[in-house]
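Just so we're aligned, residue 4 is where the sequence shown starts under this note's numbering, counting upward by one.
We put the beta carbon where it would ideally sit given N, CA and C, even for glycine.
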Amino acid sequence: DLLTAFCHDFGKMTCGEYRDEKKTVVFPLHAPRGVQLTVDFLVEFQKEYDWLNDSDIELIVQLVSKHIEFVNTKFSDMYLFCNKSKIVMIHSSRLAINDNFGRVVRDIPERIQSVVDIHDEFNKKAIEEFDKQYQTPYYLDGGKPIVTFVCGCSNIGKDTFSSKSGRRIHSLDKERVAIYLEKHPESKDLDSKTLYSLAFKYCNENKDVNLYERHYNSIINDIKNSWDHINICNTFMHSTHRMKLVNHLRNIFKDRIVIDCLFLVSYSNRILTNAKNNSEKYIPENVLYKFMDYQNIPTLLEGFNNIRVKLLK
């Protein structure tokens, strides 16, 4: 709780805006923008204090990323918003209280004040919702194909992590290369980095390329062709991008498939080093920082069956 309170507003250092009409400073999207700074700090902190384990860091970054959305969440949605975890709900509630006590501004938003005023009732109602909605975990219901979204910053190691599982892997990068080679088969023997660069440029410059439609159809065809477990390795930093594909799959397969999400986090230096050593593709540093700067960790309200945050070192 102390470390979460200490880290939760790190994102404000990157996004302050002065609003002249109200003579005030606001910090839009500072919660997801504080995730990378939190990971970087806690990994260094952990080197000095070994009682902080990786699972602690994985929990704290979830709390940081969602602390603004938490106070806007209805009791009826709390079970899914907190990913079916009472631990997440209780620590999120404590953070909301600490956040309010630490304020140095005159006007306290009503939505936050209400959490303080009914703190005990809040926890009681939220736990009641958990107890009421609790059901047998989906993974005890075997036999369904599993689609896992593997999310995280570019060069964090999504493909490498997924390749160890032996599962079928889909990504926008692979789809771009496939599209490019259909038009330029003579390029098939180019080195990976050159091919990726040409494919990326081609797909961006040709508006008639239906990249996402192709990507979605490839995934759907694999599910229909009895692949029992596939991984989709994209950055997926924004909830809108994740939900668009989740909803598309749900419309087709309903509850006949399980859709999981694995959100990978890591410290900045590791990501930047991976990028420098990447022999398959080149991502400029400014693009990597853009990815790292905004990491909206998902919740079950997006339509997933299960969500896990994993720290890679």
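Candidates S190, M81, L66: closest to E305 by CA position
For the purposes of this step, residue 305 is identified with residue 302 of the sequence shown, where counting begins at 1. Distance check between E305 and each of S190, M81, L66 places M81 closest, using alpha-carbon atoms only.
Can you name the residues that DSSP bridges to H232?
By 1-based counting over the sequence shown, the position of residue 232 is 229. Per DSSP, the beta bridge partners of H232 are I149.
With hydrogens ignored, establish whether the beta-carbon of Y183 is closer than 8 Å to any heavy atom of the ligand NAP.
The model on display carries no ligand, and the ligand NAP is accordingly not part of it.
Buried or exposed: T163, going by 16 or more other Cβ atoms within 10 Å of its Cβ?
Locating residue 163 in the sequence shown gives position 160, counting from the first residue. When all chains shown are included, T163 counts as exposed.
List in chain order: all unbroken beta strand (DSSP E) runs of 3+ residues lying wholly within the stretch 27–76.
27–29
Are R170 and H218 close, meaning C-beta to C-beta below 9 Å?
By 1-based counting over the sequence shown, the position of residue 170 is 167. By 1-based counting over the sequence shown, the position of residue 218 is 215. No, these two residues do not count as a Cβ contact at 9 Å.
Give a yes or no on whether 9 Å exceeds the smallest Cβ distance from E283 to chain D.
No chain D appears in this structure, which consists of one protein chain only.
How big is the Cα-Cα spacing for L143 and D192?
Residue numbering aside, residue 143 sits at position 140 when the sequence shown is read from its first letter. Residue numbering aside, residue 192 sits at position 189 when the sequence shown is read from its first letter. No answer about L143 holds up, because its pLDDT of 47 lies below 50 and its placement is not dependable.
Any idea what DSSP makes of D23, helix, strand or coil?
For the purposes of this step, residue 23 is identified with residue 20 of the sequence shown, where counting begins at 1. D23 falls in the coil class under three-state DSSP.
Where K60 falls, given that 16 or more other Cβ within 10 Å makes a residue buried:
Translated into positions along the sequence shown, residue 60 becomes position 57. The residue asked about is misnamed: residue 60 is Ile in this sequence, not Lys. By the neighbour-count rule (16 or more Cβ atoms within 10 Å), I60 is buried.
Given that a residue counts as buried once 16 or more other Cβ atoms are within 10 Å of its Cβ, and exposed if not, what is I300?
Residue mapping note: residue 300 aligns to position 297 of the sequence shown, counting from 1. Answer is buried; the Cβ neighbour count reaches 16.
Are three or more beta carbon pairs between the stretch 62–73 and the stretch 83–91 nearer than 8 Å?
yes
Between the C-alpha atoms of N207 and S95, what's the straight-line distance to the nearest angstrom?
One-based indexing of the sequence shown puts residue 207 at position 204. One-based indexing of the sequence shown puts residue 95 at position 92. C-alpha separation (whole angstroms): 40 Å.
Taking all protein chains shown into account, decide if L5 is buried (16 or more other Cβ within 10 angstroms of its Cβ) or exposed.
Numbered from 1 along the sequence shown, position 2 holds the residue referred to as residue 5. Its Cβ having fewer than 16 others within 10 Å, L5 is exposed.
With burial defined as no fewer than 16 other Cβ atoms inside 10 Å of the residue's Cβ, what is the status of S174: buried or exposed?
As a working note, residue 174 is residue 171 in the sequence shown. Per the 10 Å Cβ criterion, buried.
Near F44, which residues of its chain fall below 8 Å by C-beta distance, leaving aside the five closest residues on each side in sequence?
Translated into positions along the sequence shown, residue 44 becomes position 41. For F44, where only same-chain residues beyond five positions count, the Cβ hits under 8 Å are C10, F13.
Quick check on the DSSP output: the alpha helix (DSSP H) that includes S101 runs from which residue to which?
As a working mapping, residue 101 is identified with position 98 in the sequence shown. The amino acid occupying residue 101 in the given sequence is Asn; Ser does not appear at that position. In this chain, the alpha helix (DSSP H) harbouring N101 covers 89–104.
Please report how far the alpha carbon of L315 lies from the alpha carbon of V268, in whole angstroms.
Locating residue 315 in the sequence shown gives position 312, counting from the first residue. Locating residue 268 in the sequence shown gives position 265, counting from the first residue. Looking at the two C-alpha atoms, the distance is approximately 6 Å.
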